[in-house]
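Using my numbering, you'd call the opening residue of the sequence shown number 3 and step up by one each time. Take a look at the structure below.
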Amino acid sequence: MALLEIKNLNAGYGDLRVLRDVSMEVNEGEIVAFLGSNGAGKSTFMRTIVGLNRAWSGDVIMNGKRLTNSPSEKIIKSGIGIVPEGRRLFAGMTVTENLEMGAYCNRKDIRRRMDSIFQSFPRLYERKDHLAGDLSGGEQQMCAIGRALMSEPKILLIDEFSLGLAPTVVDSLTKVVQDINRQGVSILIVEQDVQMVLEMSSRAYVMEVGAITISGNSKDLIDNPKIKEAYLGM
Ligand SMILES: Nc1ncnc2c1ncn2[C@@H]1O[C@H](COP(=O)(O)OP(=O)(O)O)[C@@H](O)[C@H]1O
Ligand SMILES: [Mg+2]
Numbered sequence: 003m004a005l006l007e008i009k010n011l012n013a014g015y016g017d018l019r020v021l022r023d024v025s026m027e028v029n030e031g032e033i034v035a036f037l038g039s040n041g042a043g044k045s046t047f048m049r050t051i052v053g054l055n056r057a058w059s060g061d062v063i064m065n066g067k068r069l070t071n072s073p074s075e076k077i078i079k080s081g082i083g084i085v086p087e088g089r090r091l092f093a094g095m096t097v098t099e100n101l102e103m104g105a106y107c108n109r110k111d112i113r114r115r116m117d118s119i120f121q122s123f124p125r126l127y128e129r130k131d132h133l134a135g136d137l138s139g140g141e142q143q144m145c146a147i148g149r150a151l152m153s154e155p156k157i158l159l160i161d162e163f164s165l166g167l168a169p170t171v172v173d174s175l176t177k178v179v180q181d182i183n184r185q186g187v188s189i190l191i192v193e194q195d196v197q198m199v200l201e202m203s204s205r206a207y208v209m210e211v212g213a214i215t216i217s218g219n220s221k222d223l224i225d226n227p228k229i230k231e232a233y234l235g236m
């Protein structure tokens, strides 16, 4: 059984249909890449999974339970965490306070969870009393990932992982994400650096105009002529 299973998901805004019968799955322990051009519908897809955007029809199934259009709190409690595009931190709150916000569904053991996040991100510990708005882009992404981890997700959705970050920062964040994955958290990642994300994932999906058009093993997709032309600039 898949950990997260999406079946025939449709969603949009007003009259604009964005998601077109999207079906996909993420298994336990996997890193899955989710590719697509600007405006394809990737963020809409992720937000619909976590209930921030209403599904018109279809199924979001986590661990066998249908969660479509459930309140976000229930979805987070089911084990889905999200790092939204643009991070969306509370700029006027400290790093520690932002992390606490990530635990609002479960106030137990906050200290222990925060310690483990600070262990993954020592830099975040150094900055724990600073306002999120004063952090560098990389630190903000660490904080956003940390905030999502505070709910102890079984799967982490990361939308635009490396956007606006320096390559060295991306390298170190990638290592942390792989580490989190090795600790048993599945990852679904939207990323523009297609080469990088195909190297770090086991499978990938490509979304075009709201529909999945290509899917397969990442190492096969690196050699796929369509992917090479459209996303790898070859
Ligand atoms: N809040 C919104 N209201 C109306 N249209 C939106 C909204 N958010 C996104 N869209 C539209 O939905 C489509 C998909 O956008 P999005 O999911 O952000 O794509 P991606 O993340 O792949 O760049 C685009 O045409 C975009 O203009
Ligand atoms: Mg987006």
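Quick reminder that beta carbons are idealized off the backbone N, C-alpha and C, glycines included.
DSSP on residue i, reduced to helix/strand/coil?
i: L37; result: strand
i: M209; result: strand
i: V187; result: coil
i: T170; result: helix
i: A232; result: helix
i: L69; result: coil
i: N100; result: helix
Hey, is residue i close to ligand 1, as in C-beta under 8 Å from one of its heavy atoms?
i: N29; result: no
i: S164; result: no
i: Y207; result: no
i: V199; result: no
i: Y15; result: yes
i: L18; result: yes
Got a sec: does ligand 2 put a non-hydrogen atom nearer than 8 Å to the Cβ of residue i?
i: K44; result: yes
i: V196; result: no
i: E87; result: yes
Do residue i and residue j have their C-beta atoms closer together than 9 Å?
i: I84; j: M64; result: no
i: K130; j: V171; result: no
i: I157; j: L190; result: yes
i: I209; j: F36; result: Ile is not the amino acid found at residue 209; the sequence shown has Met there. In this structure, F36 lies closer than 9 Å to M209 by Cβ.
i: L69; j: S80; result: yes
Excluding sequence positions up to five away, which residues of its chain have a Cβ less than 8 Å from the Cβ of residue i?
i: R56; result: A13, T50 and N71
i: P73; result: G53
Since I believe residue j is in contact with residue i (beta carbons under 8 Å), could you give me their beta-carbon distance rounded to a whole number of angstroms?
i: G148; j: L126; result: 6 Å
i: V34; j: A206; result: 7 Å
For residue i, which residues of its own chain have a beta-carbon under 6 Å away from its beta-carbon, when the five flanking residues on both sides are left out?
i: M48; result: L159 and D161
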